[in-house]
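One structure is given below, encoded as structure tokens.
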Amino acid sequence: DAGVIQSPRHEVTEMGQEVTLRCKPISGHDYLFWYRQTMMRGLELLIYFNNNVPIDDSGMPEDRFSAKMPNASFSTLKIQPSEPRDSAVYFCASSPINRPNTEAFFGQGTRLTVV
Amino acid sequence: TQLLEQSPQFLSIQEGENLTVYCNSSSVFSSLQWYRQEPGEGPVLLVTVVTGGEVKKLKRLTFQFGDARKDSSLHITAAQPGDTGLYLCAGVMNYGGSQGNLIFGKGTKLSVKP
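Respectively, the protein sequence lines represent chains A and B. For the first sequence, this note's numbering assigns the number 230 to the initial residue and increments by one for each residue that follows. For the second sequence, this note's numbering assigns the number 808 to the initial residue and increments by one for each residue that follows.
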């Protein structure tokens, strides 16, 4: 398996524009997570899905952020409108089982810069 | 408030030296994971510790979970340049037990110079 695939790897956009980040989890994994990483706050969980259903979105910072998982092999994280403070590296991760000992497999991330 | 505090934040050492990084909290975790993240990549799991007082070894890396399951340490013996990276600890809170409750520290950025 190719692992978790995220696109794009880098995104530079102007403030106010809509940004869509994409993720393809590992086939067969039932859980998908979106994280955001910054120097100030570290790695934060934004939202996670189980079998394509959002389970916990309490980490989503504002209504400007939304995430969908239309099928088991694809998820999107959308920011509309984007702001400079949204600049960060966004990671998608997937996991086969939602247990404490289970490894989360991370993608390479999307580095978002909002100018 | 950061639930998991990692120290030191940055560490720069010479090849061959030993080092220890720490992950501390006032909260109890049902388990704790250590990840390593290299520049431009996502974190990769190194180990999971579950039992208070547990010690796990992975080649030159030794991981320990505190007796009270509130803290953990990672010791590297004879560090090599390939050990360079960001070391993250992540804990699962002692309720629910789901991956969604995985809390990450900010990490220790290690640089090993040849």
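Glycine included, every Cβ here is placed at the ideal spot set by N, Cα and C.
Checklist entry - Would residue 332 of chain A count as contacting chain B if we go by Cβ distances under 7 Å? => result Indexing the first sequence from 1 puts residue 332 of chain A at position 103. Yes, because at least one Cβ of chain B sits closer than 7 Å to the Cβ of residue 332 of chain A.
Next on the checklist: Check this for me: beta carbons of residue 279 of chain A and residue 260 of chain A, under 7 Å apart or not?
Outcome noted: On the first sequence, residue 279 of chain A is found 50 positions in, with the first residue counted as 1. On the first sequence, residue 260 of chain A is found 31 positions in, with the first residue counted as 1. Against a cut-off of 7 Å, the Cβ pair of residue 260 of chain A and residue 279 of chain A comes out as a contact.
Checklist entry - Quick one: is residue 846 of chain B near chain A, going by C-beta distance under 7 Å? => result To locate residue 846 of chain B, count along the second sequence from 1; it is residue 39. Taking Cβ atoms only, chain A never reaches closer than 7 Å to residue 846 of chain B, which makes this a no.
Checklist entry - Are residue 304 of chain A and residue 252 of chain A close, meaning C-beta to C-beta below 7 Å? => result Position 75 of the first sequence, counted from the start, is the residue given in the question as residue 304 of chain A. Position 23 of the first sequence, counted from the start, is the residue given in the question as residue 252 of chain A. Going by C-beta atoms, residue 304 of chain A is nearer than 7 Å to residue 252 of chain A.
Checklist entry - Taking a cut of 8 Å between CB atoms, which residues from the region 271-288 of chain A lie near chain B? => result 271, 272, 273, 274, 277, 284 and 285
Item to check | Contact list for the region 846-876 of chain B against chain A, Cβ threshold 9 Å | outcome: 847, 848, 849, 850, 851, 852, 855 and 857
Checklist entry - Straight-line CA distance for residue 847 of chain B to residue 337 of chain A? => result Here the question's residue 847 of chain B lines up with position 40 in the second sequence. Here the question's residue 337 of chain A lines up with position 108 in the first sequence. Our two residues, residue 847 of chain B and residue 337 of chain A, have alpha carbons roughly 7 Å apart in a direct line.
Checklist entry - How big is the Cα-Cα spacing for residue 244 of chain A and residue 250 of chain A? => result Taking the first sequence and counting its residues from 1, the one referred to as residue 244 of chain A is at position 15. Taking the first sequence and counting its residues from 1, the one referred to as residue 250 of chain A is at position 21. Roughly 16 Å between the two C-alpha positions.
Item to check | Run of the beta strand (DSSP E) containing residue 855 of chain B, from where it starts to where it stops | outcome: If you number the second sequence from 1, residue 855 of chain B lands on position 48. Run containing residue 855 of chain B: 851-856, per the beta strand (DSSP E) assignment.
Next on the checklist: My parser needs the beta strand (DSSP E) runs of 3 or more residues fully inside the region 867-904 of chain B; what are they?
Outcome noted: 868-872, 878-883 and 892-900
Item to check | Cβ-based contacts, 7 Å cut-off: residues of the region 294-321 of chain A near chain B | outcome: Listed by position, the residues of the region 294-321 of chain A near chain B (Cβ gap below 7 Å) are 320.
Next on the checklist: Quick check: what's the CA-CA separation for residue 889 of chain B versus residue 845 of chain B?
Outcome noted: Within the second sequence, the letter at position 82 stands for residue 889 of chain B. Within the second sequence, the letter at position 38 stands for residue 845 of chain B. Roughly 10 Å separates the two Cα atoms.
Checklist entry - Quick one: Cα of residue 347 of chain A to Cα of residue 239 of chain A, how far? => result Nothing about residue 347 of chain A can be read from this structure; chain A reaches only from 230 to 344.
Item to check | Cut-off 7 Å between Cβ atoms - residues of its own chain near residue 822 of chain B, not counting five sequence neighbours on either side | outcome: Translated into the one-based positions of the second sequence, residue 822 of chain B becomes position 15. Excluding positions up to five away in sequence, the list reads 886, 887, 888, 919, 920 and 921.
Next on the checklist: Please report the distance separating the alpha-carbon of residue 284 of chain A from that of residue 317 of chain A.
Outcome noted: Taking the first sequence and counting its residues from 1, one reaches residue 284 of chain A at position 55. Taking the first sequence and counting its residues from 1, one reaches residue 317 of chain A at position 88. Going from the Cα of residue 284 of chain A to the Cα of residue 317 of chain A covers about 23 Å.
Checklist entry - Are the C-beta atoms of residue 345 of chain A and some chain B residue less than 7 Å apart? => result Not covered by the structure: residue 345 of chain A. The range shown for chain A is 230 to 344.
Checklist entry - What is the DSSP secondary structure of residue 815 of chain B, counted as helix, strand or coil? => result Translated into the one-based positions of the second sequence, residue 815 of chain B becomes position 8. If DSSP states are grouped into helix, strand and coil, residue 815 of chain B belongs with coil.
Item to check | Close Cβ partners of residue 826 of chain B (< 8 Å) along its chain, the five nearest in sequence each way excluded | outcome: The residue you call residue 826 of chain B lines up with position 19 of the second sequence. Here the set comprises 818, 820, 882, 883, 886 and 917.
Next on the checklist: If distances are taken between C-alpha atoms only, which option among B/831, B/814 and B/850 comes closest to residue 879 of chain B?
Outcome noted: As a first step, residue 879 of chain B is located in the second sequence; it is residue number 72 there, counting from the start. The residue from B/831, B/814 and B/850 with its alpha-carbon nearest to that of residue 879 of chain B is B/831.
Item to check | Interface residues of chain A facing residue 912 of chain B [CB-CB closer than 7 Å] | outcome: In the second sequence, residue 912 of chain B corresponds to position 105, counting from 1. Chain-order list of chain A residues neighbouring residue 912 of chain B: 271, by C-beta distance under 7 Å.
Checklist entry - residue 909 of chain B touches chain A at which residues, Cβ-Cβ below 9 Å? => result Mapped onto the second sequence, residue 909 of chain B falls at position 102. Residue 909 of chain B reaches chain A at 262, 274, 329 and 333, counting residues in chain order whose Cβ is nearer than 9 Å.
Checklist entry - Which value, in whole angstroms, describes the spacing of the CA atoms of residue 321 of chain A and residue 335 of chain A? => result By one-based count along the first sequence, residue 321 of chain A stands at place 92. By one-based count along the first sequence, residue 335 of chain A stands at place 106. In a straight line, the C-alpha of residue 321 of chain A is about 6 Å away from that of residue 335 of chain A.
Next on the checklist: Quick test of your reading: residue 834 of chain B and residue 899 of chain B, contact by CB under 8 Å. State the CB separation rounded to the nearest angstrom.
Outcome noted: Looking up residue 834 of chain B in the second sequence gives position 27. Looking up residue 899 of chain B in the second sequence gives position 92. By a beta-carbon distance limit of 8 Å, residue 834 of chain B does not contact residue 899 of chain B. Their separation comes to about 11 Å.
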